[in-house]
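Peer 1: Okay, here's the structure, questions in a sec.
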Amino acid sequence: MSDHIKGQSTGPKTVDGKAVSSQNARKDSIFVQGYLPWENIDEKQQQFLAMTKQWNAKDPSRQMLLRSIEQCQLGIERMMYIERKKIQGLMQSTTIAYQFCERAGLSEKIAHVLPDWFFLEDGESEKQRAVKVAHIYDETAEFKARYSDQLAARVKDVYPALFTYVMHSQKEGASFLMTLGQRYKESAVTLNLGALMNELKERWEFHFIWAQEPARYQTIIDGLRAEQMEQAIDLDKSQRYATNLQNRMLKGFSALAALDQHELLMKNQQQIAAQLENASNPVLEMAPKESATKKPDSGQK
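Going by our numbering, the residue at position 134 of the sequence shown is 122; the numbering climbs one at a time, nothing skipped.
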């Protein structure tokens, strides 16, 4: 006949076995239900199991306290996630263009045509390009104003940014002045340099605007972003919410510590009671007593 009797539990019998079994059930319930798609369920499971081991939480009371602590931690993490997403969204917004023009002293007429890289975090490469383009323009203007055959012979060393811009993709040893003339087809070197300056202005219009005061403009944009974040995130409310959750977590840990102290006290009291009981019931001596007097032998005279 089968050892299994219908209706009788076949689960674990020991305390440790029941603790493991309870964690198996938790994998199918707590960690599957109530979590958001972006949350790492396996990671949360490992964290809970580590806390269970740390607090020796083999009983339902401790596990309930640990689950409440876990929920508080989830609340804090979710709040931080939401705030981070709000900030990331704001950093990709270009809605501050009009405010930027107003504070930077630029015409509001250009606010709607300013490129996105003015305001986006990933626009750093274009902002660096703006500074380089402005540097090429300044070198070209100076070379045009000071032009001489002697200076033209040293253009690579004196005006390296201009030289690199004109000679890009040219073979080694190619003539700077010849390359300049072939590109702009003017009758004089200074006219070719003027054409190059016009090209830079037309091609990099907004880069020149940024290059006027890049540090100041970036400071203005950073300030506007900070104002947006302050409006989007109620810092006082977030702090109160986080503090409330942290206090609940501390209360949970305090309750766990109180359980440990209570169990230790009960154990000590049981040991003392056992010692007192043993003291009030001493072990009886089992050795027989010898006869007080010895009767004389009736056969003696």
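Quick reminder that beta carbons are idealized off the backbone N, C-alpha and C, glycines included. For clarity, every value in this text was computed on a predicted model and none was experimentally measured.
Using C-beta distances below 7 Å, list every residue in its chain close to Met67, excluding the 5 sequence neighbours before and after it, in chain order.
Peer 2: The sequence position of residue 67 within the sequence shown is 79, counting from 1. Once the five neighbours on either side are set aside, the close Cβ partners of Met67 are Ser226, Tyr229 and Ala230.
Peer 1: Here's the rule I'm using: 16 or more other beta-carbon atoms within 10 Å means buried, otherwise exposed. How should His195 be labelled?
Peer 2: Within the sequence shown, the letter at position 207 stands for residue 195. His195 comes out buried.
Peer 1: Whose C-alpha, out of Ser56, Pro25 and Phe107, is nearest the C-alpha of Leu212?
Peer 2: Position 224 of the sequence shown, counted from the start, is the residue given in the question as residue 212. If we check each option's Cα against that of Leu212, Phe107 comes out closest.
Peer 1: Count the other C-beta atoms from every protein chain shown that fall within 10 angstroms of the C-beta of Met39, then say buried if there are 16 or more, exposed otherwise.
Peer 2: In the sequence shown, counting from the first residue as 1, residue 39 sits at position 51. Met39 is buried by the Cβ-count criterion.
Peer 1: Tell me whether Asn269 is buried or exposed, calling it buried when 16 or more other Cβ atoms sit within 10 Å of its Cβ.
Peer 2: By 1-based counting over the sequence shown, the position of residue 269 is 281. Asn269 should be labelled exposed.
Peer 1: Taking Tyr229 as part of the alpha helix (DSSP H), name the residues at either end of that continuous run.
Peer 2: One-based indexing of the sequence shown puts residue 229 at position 241. That run of the alpha helix (DSSP H) goes Leu223 to Ser268.
Peer 1: Any chance the CB of Glu58 is under 7 Å from a heavy atom of the ligand NAP?
Peer 2: Although the ligand NAP was asked about, the structure shown includes no ligands whatsoever.
Peer 1: Tell whether a beta-carbon distance below 8 Å holds between Asn186 and Leu168.
Peer 2: By one-based count along the sequence shown, residue 186 stands at place 198. By one-based count along the sequence shown, residue 168 stands at place 180. Not closer than 8 Å, so no.
Peer 1: What residues in its chain sit with their C-beta under 6 Å from that of Pro103, if we drop five residues either side in the sequence?
Peer 2: The residue given as residue 103 occupies position 115 in the sequence shown. Phe194, listed in sequence order.
Peer 1: Report the option in Gln249, Asp137, Ala85 and Ala243 whose CA atom is closest to the CA atom of Ser49.
Peer 2: As a working note, residue 49 is residue 61 in the sequence shown. Measuring from the Cα of Ser49, the nearest candidate turns out to be Ala243.
Peer 1: Look up Leu181 in the DSSP assignment and say whether it is helix, strand or coil.
Peer 2: To locate residue 181, count along the sequence shown from 1; it is residue 193. Residue state, collapsed to three classes: helix.
Peer 1: Given a threshold of 16 other Cβ atoms within 10 Å of its Cβ, counted over all protein chains shown, does Glu127 qualify as buried or as exposed?
Peer 2: As a first step, residue 127 is located in the sequence shown; it is residue number 139 there, counting from the start. Per the 10 Å Cβ criterion, buried.
Peer 1: Just the Cα atoms here: how many angstroms apart are Met217 and Trp192?
Peer 2: As a working mapping, residue 217 is identified with position 229 in the sequence shown. As a working mapping, residue 192 is identified with position 204 in the sequence shown. Each residue's Cα considered, the two are about 31 Å apart.
Peer 1: What is the rounded straight-line gap between the Cα of Leu233 and the Cα of Cys60?
Peer 2: Residue mapping note: residue 233 aligns to position 245 of the sequence shown, counting from 1. Residue mapping note: residue 60 aligns to position 72 of the sequence shown, counting from 1. Looking at the two C-alpha atoms, the distance is approximately 5 Å.
Peer 1: Straight-line CA distance for Glu174 to Gly77?
Peer 2: Position 186 of the sequence shown, counted from the first residue, corresponds to residue 174. Position 89 of the sequence shown, counted from the first residue, corresponds to residue 77. Roughly 49 Å between the two C-alpha positions.
Peer 1: Which residue wins for smallest C-alpha separation from Ala203, given the options Gln259, Leu165, Asp110 and Val119?
Peer 2: Translated into the one-based positions of the sequence shown, residue 203 becomes position 215. Closest option to Ala203, Cα to Cα, is Val119.
Peer 1: Looking at Val121: is its Cβ nearer than 8 Å to the Cβ of Leu188?
Peer 2: Counting from 1 along the sequence shown, the entry for residue 121 is found at position 133. Counting from 1 along the sequence shown, the entry for residue 188 is found at position 200. Yes, the pair counts as a contact, with Cβ atoms nearer than the cut-off.
Peer 1: Output needed for Glu90: all residues of its chain with C-beta closer than 7 Å, excluding positions within five of it in sequence on either side, in chain order.
Peer 2: By one-based count along the sequence shown, residue 90 stands at place 102. Here the set comprises Glu96.
Peer 1: Kindly indicate the opening and closing residues of the alpha helix (DSSP H) around Arg91.
Peer 2: Reading the sequence shown from its first residue, position 103 is the one you call residue 91. Ala85 to Ala92 is the extent of the alpha helix (DSSP H) around Arg91.
Peer 1: Leaving out the 5 sequence neighbours to the left and right, which residues in its chain are closer than 8 Å to Val154 when beta-carbon positions are compared?
Peer 2: Residue mapping note: residue 154 aligns to position 166 of the sequence shown, counting from 1. Phe164, Thr167, Leu168, Arg171 and Leu184, listed in sequence order.
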